[in-house]
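*Asks:* Protein chains in written order, with my numbering: chain A, 3 to 202; chain B, 3 to 202.
Below you will find the structure I want to go over with you.
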DNA sequence: TGAGCATACGGAACGACGCTCCGATTTTGC
DNA sequence: GCAAAATCGGAGCGTCGTTCCGTATGCTCA
C-alpha cells in the first residue's frame, strides 16, 4: 500500500529517484531565475537553467502558477504563521497589524514582479492569487478584527480589500528609486487608524 | 513650403485623404475595442474592427502606446487642466486635491486595464507612462504644494510618488466587486491629511 | 485628362512566448 | 534480466507584437 502523501511529496507512491531529484533542481533553478529575471521569466529559461526539458517542468508543475507557489510556499506560510504570534506578543492589536503588514510588504517588494503577477487578471495566475488569499486573508481578518474590537481602527475594512490594496501598492516597487512602496503602505494604514476624519 | 505641423496632424505636408480617414477610423475603432476588451486588446482585433491591415496601424501609431495615448489624450489633458481650476474654485487646497484625485481615479477605473498598462514595467508602455507623468505630475505638484503650504497635509510627499500610488491602487479595480479602488484611495489621502500620527 | 511618382495599404512572415504531445529513455518490481 | 510503467526532452501548435515589402491609390503637373 502506498504511504500517505505528505504534500511535499516526501513519500507518496515512491516517486522515481530522478523525478524527485528533478523537482528539487527545478525549484532551485526557478528560485534563482526569479531573483534575476522576475517571476514571469520565460519558462524556457527556467528549464535551461535547471538543465531539463520543457516537458519536465510542466509535469511537475502543471501551470506556471504552481511553480511560483512551490517556490514561495515556505515564505507565505511563515508570513501567515507570524500573524497570531505578533498578535500575542505585541502591546496592541494595531501594533501587531502594522508589523504584520510590514512583513507582507517586505516579502512582496523583494520578489521581483510577484506583486504584479498577483494582481494580474490573466487566468494564468488564478491559482497563485487563490493560494495567497487562502493563506493570508484569515490571518489578516484576525488582526483587523482585534484592532477593530479594540477601537483602534475605523470599522468596515475587509481583509481581502486591505491585502489587495497593499499588494497593489507594491507593484513595480523595485527598480524605481523614486517610489517607496513601504511609505505608501504606511500612509494607507495611517488613514485606516484614525477613527473618522469627519466625525470630530 | 509645407505648412506648420499642428501636432494633431491638422495640416503638415497635406497627408493623403485615405490616410487621414484611416487615422480617424483607427482611433474610433481602438476606443471602442478598448472599452470592451481593455487597453491591451490584440492589435489584430483593432485592425479588424477598423477594417484595415496591420501595417496601417503601425504606420500611424509606431507603437501600441502611441495609439493608447492618442485615444486618451483629450481626457488626460482635461484632467490636467482641471487641477488649477479646482485650486481656484475650492475653499481649501486640500479640497481641491481631493477632488482632483477623485477625477484621476474615475478616469483610470473606467478605462479597463489602463492602470495596469501604466504600471507595466514592460518597455512597450514607456511612452504611455511618460506622457501621463509629463502632463499630470506638474499639476499634482501644484496641488500638493498649495496644501502643504496651508499646513493641511504632512510635508515631504512627492507628486510622482502619490500619482504612482493612486495609479497602483486602481489596478484591476473593475471586474472585482469586492475591491473598491476609490475607497482605498480615500484612505490613502486620509493618511496624508493627518499631520503626523506620532507627533501628538 | 492621364502619366508618373510619392505615399499609403494589406497581410504574410518573424521571433518570442506559454503550453501540449509523443517517441525515446530510464527506473523499478518481479 | 525483462517488461511495464514512469519520466524525459524538445519539436510543434496557437497567440501575440512588430516588421517588411509588393501592390494599390491618391496627388501633381503637364
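Where is the CB? At the ideal position from N, CA and C, for every residue including glycine.
So which residues on chain A does residue 163 of chain B lean against when the C-beta distance must stay under 8 Å?
*Replies:* Near residue 163 of chain B (Cβ distances below 8 Å), the residues of chain A are 180, 181, 182, 185 and 186.
*Asks:* Within 9 Å of any Cβ in chain B, is that where the Cβ of residue 7 of chain A sits?
*Replies:* Its pLDDT being 39, under 50, residue 7 of chain A is placed unreliably in this model, and the value from its coordinates should be taken loosely. By this cut-off, residue 7 of chain A is not an interface position.
*Asks:* Using a Cβ-Cβ distance cut-off of 9 Å, determine whether residue 24 of chain B contacts chain A.
*Replies:* False, the Cβ-Cβ gap to chain A never drops below 9 Å.
*Asks:* So which of A:177, A:23 and A:104 has the shortest CA-CA distance to residue 188 of chain A?
*Replies:* Closest option to residue 188 of chain A, Cα to Cα, is A:104.
*Asks:* Does chain B have any CB closer than 9 Å to the CB of residue 16 of chain A?
*Replies:* no
*Asks:* Please work out which residues of its chain come closer than 7 Å, Cβ to Cβ, to residue 40 of chain A, disregarding the five sequence neighbours upstream and downstream, and give them in chain order.
*Replies:* 114 and 115
*Asks:* Please state the DSSP three-state secondary structure of residue 123 of chain B.
*Replies:* Look at residue 123 of chain B here: in three-state DSSP terms it is coil, with no helix or strand label.
*Asks:* Give me the Cβ distance between residue 174 of chain B and residue 121 of chain A, rounded to the nearest whole Å; I'm assuming they're in contact under 8 Å.
*Replies:* 5 Å
*Asks:* Compute the distance between the beta-carbons of residue 195 of chain B and residue 186 of chain A, then report whether it is under 9 Å.
*Replies:* It is not a contact, given that the beta carbons lie outside the stated cut-off.
*Asks:* Are there 16 or more other CB atoms within 10 angstroms of the CB of residue 53 of chain B, so buried, or fewer, so exposed?
*Replies:* exposed
*Asks:* Answer yes or no: does any C-beta atom of chain A fall closer than 9 Å to that of residue 147 of chain B?
*Replies:* no
*Asks:* If I follow the unbroken alpha helix (DSSP H) through residue 178 of chain A, where does it start and stop?
*Replies:* Residue 178 of chain A -> no alpha helix (DSSP H), and no H or E assigned at all.
*Asks:* To the nearest angstrom, report how far apart residue 135 of chain B and residue 25 of chain A are at their CA atoms.
*Replies:* 45 Å
*Asks:* What is the DSSP secondary structure of residue 169 of chain A, counted as helix, strand or coil?
*Replies:* Helix, per DSSP.
*Asks:* Put residue 44 of chain A into one of helix, strand or coil per three-state DSSP.
*Replies:* coil
*Asks:* Residue 121 of chain A touches chain B at which residues, Cβ-Cβ below 8 Å?
*Replies:* 118, 173 and 174
*Asks:* Residue 198 of chain B to residue 109 of chain B, Cα distance in whole Å?
*Replies:* In this prediction, residue 198 of chain B scores a pLDDT of 47, lower than 50, which makes its location untrustworthy; the coordinate-derived value is nonetheless stated afterwards. Approximately 30 Å, taken between the alpha carbons.
*Asks:* With residue 85 of chain B and residue 165 of chain B assumed to form a contact (beta carbons below 8 Å), what rounded beta-carbon distance in angstroms separates them?
*Replies:* About 12 Å; that fails the 8 Å criterion.
*Asks:* Listed in chain order, which residues of the stretch 41-67 of chain A have Cβ atoms closer than 7 Å to some Cβ of chain B?
*Replies:* Contacts with chain B (Cβ-Cβ distance below 7 Å) from the stretch 41-67 of chain A involve no residue at all.
*Asks:* Which term fits residue 201 of chain B, buried or exposed, when burial requires 16 or more other beta carbons within 10 angstroms of its beta carbon?
*Replies:* Unreliable placement is indicated for residue 201 of chain B, whose pLDDT of 39 sits below 50; no coordinate value is reported for it.
*Asks:* Just to confirm, is the Cβ distance from residue 67 of chain B to residue 137 of chain B under 9 Å?
*Replies:* no
*Asks:* Out of A:62, A:123 and A:111, point me to the one whose CA is closest to residue 20 of chain A's CA.
*Replies:* A:62
*Asks:* I'd like to know if residue 191 of chain A contacts chain B, where contact means its C-beta is closer than 9 Å to some C-beta of that chain.
*Replies:* yes
*Asks:* Report the rounded CA-to-CA distance for residue 93 of chain A versus residue 149 of chain A, giving the unit in angstroms.
*Replies:* 11 Å
*Asks:* Is the Cβ of residue 177 of chain A closer than 9 Å to any Cβ of chain B?
*Replies:* So, interface residue.
*Asks:* Tell me the rounded alpha-carbon separation between residue 46 of chain B and residue 56 of chain B.
*Replies:* 7 Å
*Asks:* Ignore the nearest five residues each way along the sequence and tell me which others in residue 139 of chain B's own chain have a CB closer than 8 Å to its CB.
*Replies:* 161, 162 and 165
*Asks:* When you compare each of B:87, B:17, B:23 and B:42 to residue 118 of chain B by their alpha carbons, which one comes out closest?
*Replies:* B:42
*Asks:* Against residue 167 of chain B, what residues of chain A qualify as contacts under a CB-to-CB distance less than 7 Å, listed in chain order?
*Replies:* 171 and 186
*Asks:* Is it buried or exposed for residue 96 of chain B, if we count other Cβ within 10 angstroms and need 16 for buried?
*Replies:* buried
*Asks:* Using the Cα positions of residue 155 of chain B and residue 98 of chain B, report the straight-line distance between them to the nearest angstrom.
*Replies:* 13 Å
*Asks:* Would you kindly work out how many angstroms separate the C-alpha atoms of residue 90 of chain B and residue 83 of chain B, rounded to a whole number?
*Replies:* 12 Å
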